[in-house]
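**Student:**
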Amino acid sequence: MQFIPRKTLPAALLLCFAAAHTIAADAGPNVTGHQAEIDQIVKEISPQRIEGYVRKLVSFGTRHTMSDTVSDTRGIGAARRWIKSELERCGAAAGGRLQVSYDSHVHPVMARLSQPTEIVNVVATLPGTQAESVDRMYVVSGHYDSRVTEVMNATSDAPGANDDASGTAAVIEMACVMARHKFDATLVFMTVAAEEQGLLGAANWAELARQKNWNIAGMLNNDIIGSSRADDDHVDNTQVRLFAEGIPAVKEMSDANRALVATGGENDSITRQLARHIKEVGERYVDKFSVNVIYRRDRYLRGGDHSPFLDRGYAAVRFTEPNEDFSHQHQDLREEGGKKIGDLPEYDDFNYIAQVARVNAASLSSLALAPAAPQQVKVRTAKLDNNTELVWQANKEPDLAGYRIVWRDTTAPQWQGALYVGNTTQYIIPRSKDNFLFGVQAVDKDGNASVATYPLPQR
Ligand SMILES: [Zn+2]
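Per mature numbering (1 follows the signal peptide of the UniProt record, and there is no 0), the sequence shown runs over residues -27 to -1, 1 to 432.
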């Protein structure tokens, strides 16, 4: 058990209590610097290739879920066969570790399906290379189906260049770039169908994951990440919104969520921890670009493929451009008062899509290189005192270096202070548990840090 009396705290540590985003000049791996490999991945993301993918997806005319599946040039069948072949081509060129397959089911008639319809996700899995981490998965998705004004219209041109060829192209580009690299944990690059018919493709896969009890440690949905131009024509290519739910709005609160609320941890759900981590890593690796975390599941009147994952207890977030122009979403192609209506590629900003893909890729790389978030993290509350005694279960990864305790004011969104405490499973911080929110991260020898785990009280 280590204990630092307050009067012997190093000056650098004292400083970090005051200044946001500084860390203690303590021994341990450099967790706030740049990993050369992640810099390389970010650099390799190509706006030109992303543009090529978007234009190819648009060329299928419509990708409506009930559209033609026989033609080689038009409809959702041709689109998914092209996505699969593109991922297979990239995977083969990258050394053959990317496993590409269809995840398919026939969905019965429902409000948004007039006939039983085969719903097909294209799933590319890059298995982790560390035995202790291969079961831990991070999922990144976009939906490749599209629609026009009438949700059942399966024949009119529905280019879906932004919604959601942008997210689909970003996922293909990430898969192609990242398949050339090795990660401890497993990455799943998924392009899903039937988002517009009610999140059916994502829900099918999320349910499979839940039934098989897969360890999905984070899910990143990219939907409408294509445009930097708002409906009033102003351009903002410096930020992306990241929607992150707190406590889910369910009738019966789980014991885990009740424990969060009871200790003021309602902003420390696993989804908020994931969002906090993505903001920190994404902004570190992508210059002049910010991740605007929004404390909501999604926008009003809209839903997305992260929702089925949230509903099954997984941490899941949604990336969306900062200012949507709704005349370029879900619209029949037409002109009104000299203005073109419809989701056309001319309204996409391919450099912007690349920036969002870079934030995704940096976050996913960092997470999949890092150890798992510590388990069974507890704060001991047996006696009244002004310290914080944290205990946790030891990680099992062979490249683990140790642990990092992070903290922030109860009203602060991001971590403000951090202390590397070495390879131990308990630590007493001379800061009051009553006044701060704490988290524990696992850190590997290269300095890759896990998402923080919120400590639940232990008497
Ligand atoms: Zn969409």
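Ideal placement from N, C-alpha and C gives every residue a C-beta, glycine not left out.
None of the values given here were measured: they were computed from a predicted structure.
Let's test the definition: count the other Cβ atoms within 10 Å of the Cβ of Ser44 and tell me whether it reaches 16, buried, or not, exposed.
**Tutor:** Locating residue 44 in the sequence shown gives position 71, counting from the first residue. Looking at its Cβ environment, which holds fewer than 16 other Cβ atoms inside 10 Å, Ser44 is exposed.
**Student:** Roughly how many angstroms separate the alpha carbons of Asp372 and Val4, rounded to a whole number?
**Tutor:** Sequence index remark: in the sequence shown, residue 372 carries index 399 (1-based). Sequence index remark: in the sequence shown, residue 4 carries index 31 (1-based). Taking the straight line joining both Cα atoms gives about 14 Å.
**Student:** Report buried or exposed for Pro81, applying the criterion of at least 16 other Cβ atoms within 10 angstroms of its Cβ.
**Tutor:** In the sequence shown, counting from the first residue as 1, residue 81 sits at position 108. Flag for Pro81 reads exposed.
**Student:** According to DSSP, is Ala24 helix, strand or coil?
**Tutor:** If you number the sequence shown from 1, residue 24 lands on position 51. In the sequence under discussion, the amino acid at residue 24 is Glu, which differs from the Ala named in the question. In the structure shown, Glu24 sits in a helix (DSSP, three-state: H, G or I).
**Student:** Which term fits Ala(-3), buried or exposed, when burial requires 16 or more other beta carbons within 10 angstroms of its beta carbon?
**Tutor:** For the purposes of this step, residue -3 is taken as residue 25 along the sequence shown, with counting starting at 1. With a pLDDT of 47 at Ala(-3), under the threshold of 50, the modelled position of this residue cannot be trusted, and the question is left open.
**Student:** By alpha-carbon positions, which one of Val266, Ala66, Gln13 ends up nearest to Ser339?
**Tutor:** Your numbering for residue 339 matches position 366 in the sequence shown. Taking only the C-alpha atoms, the option nearest Ser339 is Gln13.
**Student:** What does the Cβ neighbour count give for Lys252, buried or exposed, with the cut at 16 atoms within 10 Å?
**Tutor:** Reading the sequence shown from its first residue, position 279 is the one you call residue 252. It is buried - the Cβ of Lys252 has at least 16 other Cβ atoms within 10 Å.
**Student:** Quick one: does the C-beta of Asp196 sit closer than 6 Å to a heavy atom of ligand 1?
**Tutor:** The count along the sequence shown starts at 1 and reaches residue 196 at position 223. Yes, since a heavy atom of ligand 1 falls inside the 6 Å radius drawn around the Cβ of Asp196.
**Student:** Return yes when at least one heavy atom of ligand 1 lies under 6 Å from the C-beta of Asp108, else no.
**Tutor:** For the purposes of this step, residue 108 is taken as residue 135 along the sequence shown, with counting starting at 1. Every heavy atom of ligand 1 is 6 Å or more from the Cβ of Asp108, so no.
**Student:** With a 10 Å radius around its C-beta and 16 neighbouring C-beta atoms as the bar for buried, classify Asp382 as buried or exposed.
**Tutor:** As a working mapping, residue 382 is identified with position 409 in the sequence shown. Result: exposed.
**Student:** So, for Ile198: in the same chain, excluding its five sequence neighbours on each side, which residues have a beta-carbon less than 7 Å away from its beta-carbon?
**Tutor:** Here residue 198 corresponds to residue number 225 of the sequence shown, with the count starting at 1. Excluding sequence neighbours, Ile198 sits near Ser139, Gly140, Ala143, Val213, Phe292, Thr293, Glu294, Ile326, Val329.
**Student:** Ligand 1 and Asp76: does any heavy atom of the ligand fall closer than 6 Å to the residue's C-beta?
**Tutor:** Sequence index remark: in the sequence shown, residue 76 carries index 103 (1-based). Result no, Cβ not under 6 Å from ligand 1.
**Student:** Does at least one heavy atom of ligand 1 sit under 6 Å from the Cβ of Asp136?
**Tutor:** As a first step, residue 136 is located in the sequence shown; it is residue number 163 there, counting from the start. Flag set: Cβ of Asp136 near ligand 1.
**Student:** State buried or exposed for Ser74, treating a residue as buried only when at least 16 other CB atoms are found within 10 Å of its CB.
**Tutor:** The residue you call residue 74 lines up with position 101 of the sequence shown. Exposed, since its Cβ has fewer than 16 Cβ neighbours within 10 Å.
**Student:** Pick out whichever of Glu180, Asp137, Thr384, Leu337 has its Cα sitting closest to the Cα of Tyr320.
**Tutor:** Residue 320 sits at position 347 when you count from the first residue of the sequence shown. The residue with the shortest Cα to Cα distance from Tyr320 is Asp137.
**Student:** Please say whether Tyr258 and Ala335 have beta carbons closer to each other than 7 Å?
**Tutor:** What you label residue 335 is simply residue 362 of the sequence shown in a count that begins at 1. What you label residue 258 is simply residue 285 of the sequence shown in a count that begins at 1. Yes, the pair counts as a contact, with Cβ atoms nearer than the cut-off.
**Student:** If you count every other CB in all the chains shown that lies within 10 Å of the CB of Leu274, and 16 or more means buried, which is it?
**Tutor:** As a working note, residue 274 is residue 301 in the sequence shown. Flag for Leu274 reads exposed.
**Student:** Kindly confirm or deny that the segment 20 to 33 and the segment 416 to 424 touch, where touching means at least three C-beta pairs closer than 8 Å.
**Tutor:** The segment 20 to 33 is not in contact with the segment 416 to 424.
**Student:** If we count Cβ pairs, one from each stretch, closer than 8 Å, do we get three or more for the segment 172 to 188 versus the segment 45 to 53?
**Tutor:** Output reads no: the segment 45 to 53 does not touch the segment 172 to 188.
**Student:** CB-CB under 8 Å to Pro(-23), same chain, minus the five flanking residues each way: which ones, in chain order?
**Tutor:** Locating residue -23 in the sequence shown gives position 5, counting from the first residue. Because the pLDDT of Pro(-23) is 46, which lies under 50, any placement of that residue in the model is unreliable, and the number read from its coordinates should be weighed accordingly. Closer than 8 Å at Cβ, skipping near neighbours: Pro403.
**Student:** Leaving out the 5 sequence neighbours to the left and right, which residues in its chain are closer than 8 Å to Gln302 when beta-carbon positions are compared?
**Tutor:** Residue numbering aside, residue 302 sits at position 329 when the sequence shown is read from its first letter. Here the set comprises Asn135, Asp136, Ile197, Asp316.
**Student:** When DSSP labels each residue in this structure, what does Ser58 get in the three-state scheme?
**Tutor:** Counting from one through the sequence shown, the residue named residue 58 turns up at place 85. Correct three-state label for Ser58: helix.
**Student:** Could you say if the segment 106 to 119 and the segment 151 to 166 meet the contact criterion of at least three C-beta pairs nearer than 8 Å?
**Tutor:** Because the criterion of three Cβ pairs below 8 Å is met, the segment 106 to 119 and the segment 151 to 166 touch.
**Student:** Which parts of the segment 249 to 334 are runs of the alpha helix (DSSP H), unbroken and 4 residues or longer, counting only runs that do not cross its ends?
**Tutor:** You should have 280 to 284.
**Student:** Since Glu91 is in the beta strand (DSSP E), which residue starts that stretch and which ends it?
**Tutor:** By 1-based counting over the sequence shown, the position of residue 91 is 118. 90 to 99 is the span of the beta strand (DSSP E), which, as asked, contains Glu91.
**Student:** If we ignore side chains and look at the alpha-carbon of each, how far apart do Pro428 and Ile401 end up?
**Tutor:** Along the sequence shown, one-based indexing puts residue 428 at 455. Along the sequence shown, one-based indexing puts residue 401 at 428. Looking at the two C-alpha atoms, the distance is approximately 13 Å.
**Student:** Mind checking whether Pro347 and Thr236 have CB atoms under 7 Å apart?
**Tutor:** In the sequence shown, the residue the question calls residue 347 occupies position 374. In the sequence shown, the residue the question calls residue 236 occupies position 263. No, Cβ-Cβ distance for Pro347 and Thr236 is not below 7 Å.
**Student:** Under 6 Å Cβ to Cβ from Tyr287, same chain only, skipping five residues before and after it: list those, please.
**Tutor:** Taking the first residue of the sequence shown as position 1, residue 287 is located at position 314. Closer than 6 Å at the Cβ level, and outside the excluded window around Tyr287, lie Ile189, Met192.
**Student:** Whose C-alpha, out of Ser114, Asn126, Lys57, Asn324, is nearest the C-alpha of Ala289?
**Tutor:** As a first step, residue 289 must be located in the sequence shown, where it is residue number 316. Ala289 has its Cα closest to that of Ser114, out of Ser114, Asn126, Lys57, Asn324.
**Student:** For the candidate residues Gln389, Phe323, Phe411, Lys356, whose alpha-carbon lies nearest to that of Leu363?
**Tutor:** In the sequence shown, the residue the question calls residue 363 occupies position 390. Taking only the C-alpha atoms, the option nearest Leu363 is Phe411.
**Student:** Work out the CA separation of Gly255 and Trp388 for me, nearest whole Å.
**Tutor:** As a working note, residue 388 is residue 415 in the sequence shown. As a working note, residue 255 is residue 282 in the sequence shown. Distance between the alpha carbons of Trp388 and Gly255 is about 15 Å.
**Student:** Go ahead and label Leu357 buried or exposed: buried means 16 or more other beta carbons lie within 10 angstroms of its beta carbon, across all protein chains shown.
**Tutor:** As a position in the sequence shown, residue 357 is number 384, starting the count at 1. The residue in question, Leu357, is exposed, as its Cβ has fewer than 16 Cβ neighbours within 10 Å.
**Student:** Along the alpha helix (DSSP H) that carries Gly390, what are the first and last residues, could you check?
**Tutor:** As a first step, residue 390 must be located in the sequence shown, where it is residue number 417. No alpha helix (DSSP H) holds Gly390; the beta strand (DSSP E) holding it covers 390 to 395.
**Student:** For Pro430, write down the residues that DSSP places opposite it in a beta bridge.
**Tutor:** Translated into positions along the sequence shown, residue 430 becomes position 457. The partner list for Pro430 (beta bridge, DSSP) reads Val352.
**Student:** Which whole-angstrom value describes the C-beta separation of Val332 and Pro430, a residue pair presumed to lie in contact below a C-beta threshold of 8 Å?
**Tutor:** As a working note, residue 332 is residue 359 in the sequence shown. As a working note, residue 430 is residue 457 in the sequence shown. Not really, about 34 Å apart at Cβ, beyond 8 Å.
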